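Top to bottom, those sequences are chains B and P.
When we follow this note's numbering, the leftmost residue of the first sequence carries the number 64, and every step to the right adds one.
When we follow this note's numbering, the leftmost residue of the second sequence carries the number 5, and every step to the right adds one.
All C-beta atoms, glycine included, are put in the ideal place defined by N, C-alpha and C.
Nothing here was measured: the structure is a model prediction, and the numbers come from that model.
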Amino acid sequence: MLLWNTVRLAVTVTLLCAVIGTLTAWCIERTELPARSILAVLVVLPVAIPDFIVGYGWVSVAPSVHGFPGAVLVMTLALYPLVYLPVAASLRGADPAHEEIARSLGWGRLRTFWGVSLRQARTAILGGCLLVALALLAEYGAFEILRFQTFTTEIFTEFQVGFDAPAACALSLVLVALGLVVLLAETGAGRGGVRTSRTGPQVARLPRRAPLGRALLPTLAGFLVLCGLALGVPIGTLVYWMARGGSTTLPGTSIVSAALHTALYSAAAAALATVLALPVALVAVRHRRPTTVLLERSTYVVQALPGLVIALAFVFFSVRYLPFLYQSPELLVLAYAVLFFPLALVAVRASVARAPSGLEEVGRSLGRRPLGVLWRVTLPLVAPGLAAAFCLVFLSAVTELTATLILVPTGVHTLATQFWAYETNLSYGAAAPYAAVIVGIAAVPSVVLGRWFDRMPSPAAVVVS
Amino acid sequence: MTSLTVTDLHKGFASQPVLRGIDLDVADGSLTAILGPSGSGKTTLLRVLAGFDGADRGTVRLGDLVVDDARHRTPPERRHIGYVPQEGALFPHLRVADNVAFGLNRRQRRSANVRDLLDMVGLTGFERRYPHQLSGGQQQRVALARALAIRPALVLLDEPFASLDVGLRASLRTDVARVLRDAGTTALLVTHDQDEALSLADRVAVVRGGRIAQCAAPRELYERPADAELASFLGAANLVDGVVAAHAVQTPLGELALRSDCLGPPQPSPGVVLVRPEQVEIGSAGHPGLAGRVTGCEYHGHDAIVTVEATEPAGRSPILVRVAGGGHWADQEAVTLVAHGPVVAWTRREADGPVAPEPGRPVEQPAT
Numbered sequence: 064m065l066l067w068n069t070v071r072l073a074v075t076v077t078l079l080c081a082v083i084g085t086l087t088a089w090c091i092e093r094t095e096l097p098a099r100s101i102l103a104v105l106v107v108l109p110v111a112i113p114d115f116i117v118g119y120g121w122v123s124v125a126p127s128v129h130g131f132p133g134a135v136l137v138m139t140l141a142l143y144p145l146v147y148l149p150v151a152a153s154l155r156g157a158d159p160a161h162e163e164i165a166r167s168l169g170w171g172r173l174r175t176f177w178g179v180s181l182r183q184a185r186t187a188i189l190g191g192c193l194l195v196a197l198a199l200l201a202e203y204g205a206f207e208i209l210r211f212q213t214f215t216t217e218i219f220t221e222f223q224v225g226f227d228a229p230a231a232c233a234l235s236l237v238l239v240a241l242g243l244v245v246l247l248a249e250t251g252a253g254r255g256g257v258r259t260s261r262t263g264p265q266v267a268r269l270p271r272r273a274p275l276g277r278a279l280l281p282t283l284a285g286f287l288v289l290c291g292l293a294l295g296v297p298i299g300t301l302v303y304w305m306a307r308g309g310s311t312t313l314p315g316t317s318i319v320s321a322a323l324h325t326a327l328y329s330a331a332a333a334a335l336a337t338v339l340a341l342p343v344a345l346v347a348v349r350h351r352r353p354t355t356v357l358l359e360r361s362t363y364v365v366q367a368l369p370g371l372v373i374a375l376a377f378v379f380f381s382v383r384y385l386p387f388l389y390q391s392p393e394l395l396v397l398a399y400a401v402l403f404f405p406l407a408l409v410a411v412r413a414s415v416a417r418a419p420s421g422l423e424e425v426g427r428s429l430g431r432r433p434l435g436v437l438w439r440v441t442l443p444l445v446a447p448g449l450a451a452a453f454c455l456v457f458l459s460a461v462t463e464l465t466a467t468l469i470l471v472p473t474g475v476h477t478l479a480t481q482f483w484a485y486e487t488n489l490s491y492g493a494a495a496p497y498a499a500v501i502v503g504i505a506a507v508p509s510v511v512l513g514r515w516f517d518r519m520p521s522p523a524a525v526v527v528s
Numbered sequence: 005m006t007s008l009t010v011t012d013l014h015k016g017f018a019s020q021p022v023l024r025g026i027d028l029d030v031a032d033g034s035l036t037a038i039l040g041p042s043g044s045g046k047t048t049l050l051r052v053l054a055g056f057d058g059a060d061r062g063t064v065r066l067g068d069l070v071v072d073d074a075r076h077r078t079p080p081e082r083r084h085i086g087y088v089p090q091e092g093a094l095f096p097h098l099r100v101a102d103n104v105a106f107g108l109n110r111r112q113r114r115s116a117n118v119r120d121l122l123d124m125v126g127l128t129g130f131e132r133r134y135p136h137q138l139s140g141g142q143q144q145r146v147a148l149a150r151a152l153a154i155r156p157a158l159v160l161l162d163e164p165f166a167s168l169d170v171g172l173r174a175s176l177r178t179d180v181a182r183v184l185r186d187a188g189t190t191a192l193l194v195t196h197d198q199d200e201a202l203s204l205a206d207r208v209a210v211v212r213g214g215r216i217a218q219c220a221a222p223r224e225l226y227e228r229p230a231d232a233e234l235a236s237f238l239g240a241a242n243l244v245d246g247v248v249a250a251h252a253v254q255t256p257l258g259e260l261a262l263r264s265d266c267l268g269p270p271q272p273s274p275g276v277v278l279v280r281p282e283q284v285e286i287g288s289a290g291h292p293g294l295a296g297r298v299t300g301c302e303y304h305g306h307d308a309i310v311t312v313e314a315t316e317p318a319g320r321s322p323i324l325v326r327v328a329g330g331g332h333w334a335d336q337e338a339v340t341l342v343a344h345g346p347v348v349a350w351t352r353r354e355a356d357g358p359v360a361p362e363p364g365r366p367v368e369q370p371a372t
């Protein structure tokens, strides 16, 4: 039952996200849609709203949203940007010449879209689907709110209610296996795929945009509905509950201290993960050998591990071997850093790969030692990637719920734990300010990240490669 | 004095040999071009010299200093070799002045050095620009100034003009040659462009199959290539069968004198003769010479290359003739050809061998 629930949800939501994400990306990147720049921001914004807040938004206004249909609705709306982002980046970076050649060789518009455009974006779509599927396996908060049982919620219950370690571990193993299956499926499908390549040093021209014609109004309406459901409902509910906030207990100073703790832990984790990702990325890109490739790949396996499993592992390990670390802030920061290390690595690696190694060689030939070259050439060149990695990890840590609930130091409250405490008591009004602050803090790095994606020409940037 | 000596240099990647015994001497203050087709290992050679890659075998000497003997390798930063890569590779985050001063310490930077260098490459007043605000040619000039800033013993230029358009290429390469000569720097220029190599360099080393096939002054390389394959690699060439005697060769194009610095075998023997298209004269039918028919004409403006197929015997490879001013020869017009010496010839190892030119030995070493 648990397995069936988990798998059918993962498949349904992943497919829906793939369709919605790809279609929106194509409309924004390749058609003459009006107000594209605004829509592009609106379409991405849901990524800044944690899934459990989306779930809370829906459930608190429409209690009928629950179970499988509710989970599909909420998770699709929360996760489709994970497909949109890489596909949009790939469409933007793709050489329009290929499409033009296909047209000149007698392929029709639709056939070109299927055979060329989608093919070029295939790696990006698959990469996005991978992220969606893994996020679904790891999700706890939203499903708990929607009263939909998956492996993750069951493991959490075993741990929290029964404190039944063996049962939690056994279930975790199944979850890890599922994650690995998804990861392997993606690598299998993604390999041997299209190597998008450009020959010659010229810069790719900007793609010509397709006029929408009579499809304009339906398309615009579709975008409005999507944004309304994915953004309007959660934010609307937050505003609604905040406005009614007077009727419930005012959060007062506790929200400030919670926000400070959240920001502090997240920033520390982001800095740690970024610093750790740099040497791995440098070694993996610059000194490509079987061992370094293995090192790099092994860190991606972490991505297939749900946060819950990692958190439980940290708990068991620290309780048994390092009791002084148990429930310490350091352990939480370390867990965040491990949990989101793959994200940091992806961002850093992409910018290291883009920094031409020829520049470092020139630096050496001009008489600089390797460390000097690293400091004066490599670091300035990969700085945007480091910033992106920091933002990515920070954003993820601020919106993290599951591991936080398990590892948060005793007596400390973060935004997520406070929100959760009120939400589980059904005090929607009291929970709303915490959710609003989470969304507010998460929005800042989201904007920075959006800029970064705009400048990334490489579709592989966001894909596990 | 030689500033660079390469001896028996071997280098391969994943058991795929690229360099197979390079021997090269570069004289102090000279500009030597390394010429070879794409994929012949030119860039690999340059990277080993610069110290980015290590040699598998052989030695690289800078002056009297061994910088690489396949066991010990001096790191690039201690070699003092300037390097100008294909696309300039300026540091995108640094201004022009900072790019040029990258290899200088604080004291050197304070002197007017940077401005002088920019003046020298013709970029006065560009100090505060960023690389992306420069054209391709300007970027290459900055890259050259940056390489010269450290007063290198040797400058390596890796196809520095390849990415520029034709007009810019011509003007930039004369400028670069002038700058290098003015600075008195020894330079090694890698290129696949024959015109570039022949017009710029004091000496040209042709790379073939991972070895230096010939290293000589441009004129000698063109007029007296070491073998038939080199002859056709460098410029248009007719390789004609003939009978080689001591001082002359008998060919279908008439009897041609051998170059005075060549001496044929005592007994006349069959061989291959190099006749450059400009050594062939074309005349209308009826004149003495080899009778043939025009089959094509490649028009270049200042001159033209006319292709002529000999009537008798048929099946022989066509002969190329360079005609000044463009020529007025119609397709299929009957013509006669006469060649003028002196020429270079190679004897065949086997008299009855195939007609295809086989890389043989030059007839005789020049009298020294």
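9 Å Cβ cutoff, residue i in contact with chain B
{"i": "I154(P)", "result": "yes"}
{"i": "E91(P)", "result": "yes"}
{"i": "H196(P)", "result": "no"}
{"i": "A149(P)", "result": "no"}
Distance, residue j Cα to residue i Cα
{"i": "A322(B)", "j": "A157(B)", "result": "41 Å"}
{"i": "E282(P)", "j": "A209(P)", "result": "24 Å"}
{"i": "A141(B)", "j": "P113(B)", "result": "8 Å"}
{"i": "V507(B)", "j": "T480(B)", "result": "21 Å"}
{"i": "A289(P)", "j": "H344(P)", "result": "18 Å"}
{"i": "R277(B)", "j": "A88(B)", "result": "19 Å"}
{"i": "C192(B)", "j": "I469(B)", "result": "28 Å"}
{"i": "R427(B)", "j": "P96(P)", "result": "16 Å"}
{"i": "R349(B)", "j": "A418(B)", "result": "10 Å"}
{"i": "S7(P)", "j": "A221(P)", "result": "18 Å"}
{"i": "D374(P)", "j": "V339(P)", "result": "Because chain P here runs from 5 to 372, residue 374(P) falls outside it and cannot be looked at."}
{"i": "T78(P)", "j": "V440(B)", "result": "21 Å"}
{"i": "V150(B)", "j": "Y143(B)", "result": "11 Å"}
{"i": "K46(P)", "j": "A191(P)", "result": "15 Å"}
{"i": "D199(P)", "j": "T36(P)", "result": "14 Å"}
Below-9 Å beta-carbon distance, residue i vs any chain P residue
{"i": "S414(B)", "result": "no"}
{"i": "P433(B)", "result": "yes"}
{"i": "L437(B)", "result": "no"}
{"i": "E424(B)", "result": "yes"}
{"i": "P369(B)", "result": "no"}
{"i": "R261(B)", "result": "Caution is warranted here: a pLDDT of 42 is assigned to R261(B), below 50, making its placement in the model unreliable, and the coordinate value is therefore given only provisionally. So, not an interface residue."}
{"i": "R351(B)", "result": "no"}
Option in the options with minimal Cα separation from residue i
{"i": "D402(P)", "options": "G345(P), S167(P), G188(P) and G296(P)", "result": "Residue 402(P) is absent from the model: chain P starts at 5 and stops at 372."}
{"i": "L371(B)", "options": "L140(B), F219(B) and L193(B)", "result": "F219(B)"}
{"i": "R83(P)", "options": "A54(P), I286(P), E200(P) and R61(P)", "result": "A54(P)"}
{"i": "A228(B)", "options": "L375(B), R431(B) and L408(B)", "result": "L375(B)"}
{"i": "E224(P)", "options": "I216(P), R215(P) and L238(P)", "result": "L238(P)"}
{"i": "V37(B)", "options": "S420(B), A293(B), A306(B) and F115(B)", "result": "The structure shown has nothing for residue 37(B), since chain B only spans 64 to 528."}
{"i": "A407(B)", "options": "S420(B), G430(B), A334(B) and C90(B)", "result": "A334(B)"}
{"i": "A98(B)", "options": "L287(B), V456(B), F404(B) and M64(B)", "result": "L287(B)"}
{"i": "I309(P)", "options": "G293(P), G329(P) and D245(P)", "result": "G329(P)"}
Can you list, in chain order, the residues of the region 336-349 of chain B whose Cβ is nearer than 7 Å to any Cβ on chain P? none
Against chain B: residues of the region 107-127 of chain P by CB proximity under 7 Å: G107
At a CB distance below 9 Å, what residues from the region 441-467 of chain B approach chain P? Give them in sequence order. P443, L444 and A446
Determine contact between the region 151-160 of chain P and the region 181-196 of chain P, defined as no fewer than three beta-carbon pairs at a distance below 8 Å. yes
Do the region 10-25 of chain P and the region 498-506 of chain B meet, that is, are 3 or more Cβ pairs less than 8 Å apart? no
Residues, ordered as in the chain, of the region 62-81 of chain P that lie near chain B by beta-carbon distance below 9 Å: Shown in chain order are the members of the region 62-81 of chain P whose Cβ falls below 9 Å from a Cβ of chain B: P79, P80 and E81.
Could you check whether the region 163-170 of chain B touches the region 193-213 of chain B, counting it as contact only if at least three pairs of C-beta atoms, one from each stretch, sit closer than 8 Å? no
Output needed in chain order: residues of the region 39-56 of chain P with a Cβ under 9 Å from some Cβ in chain B. R51, A54, G55 and F56
Is the number of C-beta pairs between the region 49-65 of chain P and the region 104-116 of chain P that are closer than 8 Å three or more? no
When you compare the region 375-389 of chain B with the region 438-456 of chain B, are there three or more beta-carbon pairs, one atom per stretch, that lie closer than 8 Å? Touching, no.
Is it true that the region 171-179 of chain B meets the region 113-127 of chain B, where meeting means three or more beta-carbon pairs spaced less than 8 Å apart? no
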